[in-house]
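Protein chains: 2
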Amino acid sequence: MSLSQIRYFVAVAEEGHVGRASRRLRVAQPAVSRQIRALEDELGGPLFERTPRGMALLPSGRVFLGHASAILAAVDRAVAATRAGREPPA
Amino acid sequence: MSLSQIRYFVAVAEEGHVGRASRRLRVAQPAVSRQIRALEDELGGPLFERTPRGMALLPSGRVFLGHASAILAAVDRAVAATRAGREPPA
DNA sequence: TCGGTCCAATACCGATTCGGTCTCGAGCTC
DNA sequence: GAGCTCGAGACCGAATCGGTATTGGACCGA
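Right under this line is the structure:
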């Protein structure tokens, strides 16, 4: 599992489409598709239901989404706090 | 920044030595050294003081360590919670 | 029912990243 | 000064990642 995979997952969950998420992320669609699949493999099962209209979150996907957002927020805080200790905010 | 870098950082911080951490992580010493350096570059400055005896945490390193541990714990919780929704614990 | 349209998934390939081995340079100890 | 310990750099092969091109399935309108 990587932070990129988590970011991709959150984008897909929010957009509801791999293609739309890939545009937001400025990455090609197959790259996002692959990482989502790898994430699902690592977690032992699907997080989305594939529909002709896009990707719908499954219950396990909803569970993971909450944690994923928390992780990304924690990373942002970690960077900001560490940098702040070195470069006092103005 | 990657989760591996965060794991490497925590190991080095706990062990106080790149070499010791690399043995615990089962990877070669230069690999850990490189990732720590890349992490420091990304965060805009050093996290450790290099001493002849090993690596000593700088103040910014101490700040980051707290966040890093929290991130890794959050990842573990995310995996456990997502898996738990699929395979009820016995 | 047949084209057109979306959608994600796959095949294939080149580029980037990552880790391993070997080696060096600095600093301490006796 | 010899030997030891430590992290860092050079170099190389392996694995990962992303991009392009393409496929296959499902829906829609004519």
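Protein chains in written order, with the working numbering: chain A, 1 to 90; chain B, 91 to 180.
Ideal Cβ positions, reconstructed from N, Cα and C, are used throughout, including at glycine.
Just so you know, these numbers come straight off a predicted model, no measurement behind them.
Name the chain B residues whose beta carbon is nearer than 8 angstroms to that of residue i?
{"i": "A/Ala68", "result": "Ala168"}
{"i": "A/Ile36", "result": "Correct list: empty, because the minimum Cβ distance to chain B is about 14 angstroms."}
Suppose contacts are defined by Cβ-Cβ distances below 8 angstroms. Is residue i in contact with residue j by that definition?
{"i": "A/Phe64", "j": "B/Ala168", "result": "yes"}
{"i": "A/Gln5", "j": "A/Gln29", "result": "no"}
{"i": "B/Val108", "j": "B/Val122", "result": "yes"}
{"i": "A/Arg86", "j": "B/Gly134", "result": "yes"}
So the beta strand (DSSP E) residue i belongs to, where does it begin and stop?
{"i": "A/Ala56", "result": "54-57"}
{"i": "A/Glu49", "result": "48-51"}
Counting only Cβ pairs nearer than 7 angstroms, list the residues of chain B close to residue i.
{"i": "A/Ser60", "result": "Thr172, Gly175, Arg176"}
Return the Cβ separation of residue i and residue j in integer angstroms, given the expectation that the two are a contact with Cβ distance under 8 angstroms.
{"i": "A/Thr82", "j": "B/Ser150", "result": "5 angstroms"}
{"i": "B/Met91", "j": "A/Leu3", "result": "7 angstroms"}
For residue i, return the contacting residues in chain B, with the cut-off set at a CB-CB distance below 9 angstroms.
{"i": "A/Met1", "result": "Leu93, Val165, Ala168, Val169"}
Residues of chain A with a CB under 7 angstroms from the CB of residue i: which are they?
{"i": "B/Val153", "result": "Ala81, Thr82, Gly85"}
{"i": "B/Leu133", "result": "Val79, Thr82, Arg83"}
Looking only at its own chain, which residues have a Cβ that is under 8 angstroms from the Cβ of residue i, when we skip the five neighbours before and after it?
{"i": "B/Val100", "result": "Leu155, Ala158, Ser159, Leu162"}
{"i": "A/Leu58", "result": "Pro46, Leu47, Phe48, Glu49"}
{"i": "A/Ala21", "result": "Tyr8, Ala11, Val12, Glu14, Glu15, Val32"}
For the alpha helix (DSSP H) holding residue i, just list the boundary residues, first then last.
{"i": "B/Val122", "result": "119-133"}
{"i": "A/Gly19", "result": "18-25"}
Which residues in the same chain as residue i place their Cβ atom closer than 7 angstroms to its Cβ, once the five residues preceding and following it in sequence are excluded?
{"i": "A/Pro52", "result": "none"}
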